[in-house]
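If you read the sequence shown in the numbering used here, its first letter stands for residue 205, the second for the next number, and so on. The next block holds one structure in the form of structure tokens; read it before the comments.
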Amino acid sequence: MKSNDGSRIGRGGSFPNGLMRFSLSGLKVTEMEKLKYLYFTVFLLLYLLILCLNLLVIGVIYSQKSLHDPMYIFVSNLVVNGIYGSTSLIPYLLYQLMSHSHEISLGLCLAQIYCLHTYGFIEFCILAAMSYDRYIAICHPLHYHIVMSPQKVIGLIALSWMYPLIAFGSYFILTAQLTFCSRIIPKVYCANFLLVRLSCFDTSVHSTVVLFVLPPLLMVLFSYAQILRICLLVSKESRIKALRTCTPHLLAVLNYSIGVLFEIIQNRFNMSYLPSTSRMFMSVYFLVFPPLLNPAIYGLSVQSVRLRILCLITI
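Spelled out as structure tokens, the structure:
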């Protein structure tokens, strides 16, 4: 049997996975077609800017021994992950913008899903580790260097990367084994929730993926609950100092949370009534703006990093 677009359908109305190609319908909107050269230019410039800003922060932290403290080591991992996430999206998006078919093979779709989702998961785990670092710095300042030893920092960094890669990988195997009865993905890239929704079978077990985020979420909530408790007990001057210490991290968490919120809204609700530009903005916010803004947040708001960058630029 053949589908309306000529794709051969297997038994039970499913497509043979080896021949499966998905249509990224988010790129097929008339407005997108008309403005594809503008979008191509904007995303190319954004990608180059992301690379430059993140590599600048990495270079400054790596080259300055005074910045080899736990907080800056976490920042360097955060911006490395930003490069990983944006590279997983933008180069292929640029290719798709210039393509006439806007189709992606199952293999590439699965690869994109794994990279994009592990990027988001790693981002949250690093932010959770950074919240723990801020908790120790504010609530136990005299023991900071004992608690946040080099071994502890290396362990937290390794966990922040390995836990998402393995945890999502075990869940991802279930997605890779599905068969699909439809081939339309209403987005500009492959997302796990949207792909699973195209399956021919019951996929309720896939909803358990949210359990993987509980450990880092509890870490963030615990850390800031303790910071808030301490702030209520100390003087106004100490509260202001604590707020300054946490501000860059809170901005990074807020930026990340906005992206997650946009992802949830887009994946769970019908957004067809919004202009295509708004839908595009919501689609890519999670994958473009944290990598774009994190270097600015830590490069401009953290005085020691800002001064090193200015010295580097003025040489």
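Built from N, CA and C at the ideal position, the CB exists for glycine as well. Everything numeric in this text was worked out from a predicted model, so none of it was measured.
Cutoff 6 Å; reference residue i; Cβ partners in own chain excluding five residues on either side
i: Leu402; result: Phe384, Ser386
i: Tyr288; result: Tyr323
i: Met475; result: Arg483
i: Leu282; result: Ile330, Asn498
i: Pro274; result: Asp337, Met352, Val357
i: Leu511; result: none
i: Asn258; result: Val283, Gly286, Ile287, Pro499
i: Pro354; result: none
i: Pro420; result: Phe328, Cys329, Ala332
i: Leu253; result: none
i: Gly263; result: none
Beta bridge counterpart(s) of residue i as assigned by DSSP
i: Ser309; result: Arg225
i: Ser403; result: Phe384
i: Ile389; result: Leu228
Residue of the options minimising C-alpha distance to residue i
i: Ala315; options: Asn258, Leu252, Ile377; result: Ile377
i: Val464; options: Leu447, Pro494, Thr291; result: Pro494
i: Val246; options: Val492, Asn498, Ile501, Leu497; result: Val492
i: Lys240; options: Ile326, Leu398, Val392; result: Val392
i: Leu310; options: Arg225, Ile340, Ile317; result: Arg225
i: Val488; options: Ala500, Tyr460, His344; result: Tyr460
i: Val438; options: Ala371, Leu455, Cys343; result: Cys343
i: Leu293; options: Pro420, Cys319, Tyr348; result: Cys319
i: Val521; options: Leu298, Ser303, Ser335; result: Residue 521 lies beyond the range of the chain shown here (205 to 519); nothing can be said about it.
i: Val261; options: Asn285, Phe244, Leu455; result: Asn285
i: Val414; options: Ala500, Phe325, Leu447; result: Phe325
i: His304; options: Leu231, Leu360, Ser267, Ser480; result: Leu231
i: Tyr243; options: Ile350, Tyr299, Leu257; result: Tyr299
i: Tyr477; options: Val233, Ala380, Tyr296; result: Val233
i: Leu312; options: Gln268, Asn396, Ala446, Arg448; result: Asn396
i: Cys394; options: His321, Asn258, Ser480, Cys404; result: His321
i: Glu237; options: Leu496, Met302, Glu307, Thr291; result: Met302
i: His306; options: Phe485, Ser229, Met423; result: Ser229
i: Tyr251; options: His272, Gln268, Tyr296, Ser290; result: Ser290
i: Phe466; options: Leu418, Ser280, Ala380, Phe485; result: Phe485
i: Leu297; options: Gly263, Ile468, Leu248, Ser480; result: Leu248
i: Trp365; options: Arg448, Phe278, Phe426; result: Phe278
i: Lys445; options: Thr481, Pro345, Ser280; result: Pro345
Boundaries (first-last residue) of the alpha helix (DSSP H) holding residue i
i: Ser280; result: 274 to 302
i: His520; result: Summary: the structure shown does not reach residue 520, with the chain confined to residues 205 through 519, and so no result is reported for it.
i: Ser439; result: From DSSP, Ser439 is part of no alpha helix (DSSP H); its letter is neither H nor E.
Same chain, Cβ closer than 8 Å to residue i, five either side skipped, listed in chain order
i: Leu520; result: Residue 520 falls outside the range modelled here, since the chain spans only 205 to 519, and no answer is possible.
i: Leu398; result: Ile389, Pro390, Lys391, Asn471
i: Pro295; result: Tyr251
i: Val417; result: Phe325, Phe328
Sequence-distant residues of its chain with Cβ nearer than 7 Å to residue i (five each side left out)
i: Arg443; result: Cys435
i: Tyr348; result: Ile340, Ala341
i: Ile501; result: Pro452, Leu455, Ala456
i: Cys450; result: Arg338, Ile431
i: Leu255; result: Ile287
Minimum Cβ-Cβ distance from residue i to chain C less than 9 Å
i: Ala500; result: Reference to chain C is not applicable here, since this structure consists of a single protein chain.
Residue i Cβ short of 8 Å to the ligand FAD heavy atom set
i: Leu425; result: Of ligands this structure carries none, so the ligand FAD is not represented either.
(message) What ranges does the alpha helix (DSSP H) occupy inside the stretch 237 to 275, keeping only unbroken runs of at least 4 residues that lie completely in it?
(response) Residue ranges of uninterrupted alpha helix (DSSP H) with 4 or more members, entirely inside the stretch 237 to 275 and ordered along the chain, are 240 to 267.
(message) Please give me, in chain order, every unbroken run of the alpha helix (DSSP H) with length at least 4 that falls completely inside the stretch 415 to 481.
(response) DSSP assignment within the stretch 415 to 481 yields the following whole alpha helix (DSSP H) runs of 4 residues or more, N-terminal first: 418 to 437, 440 to 472.
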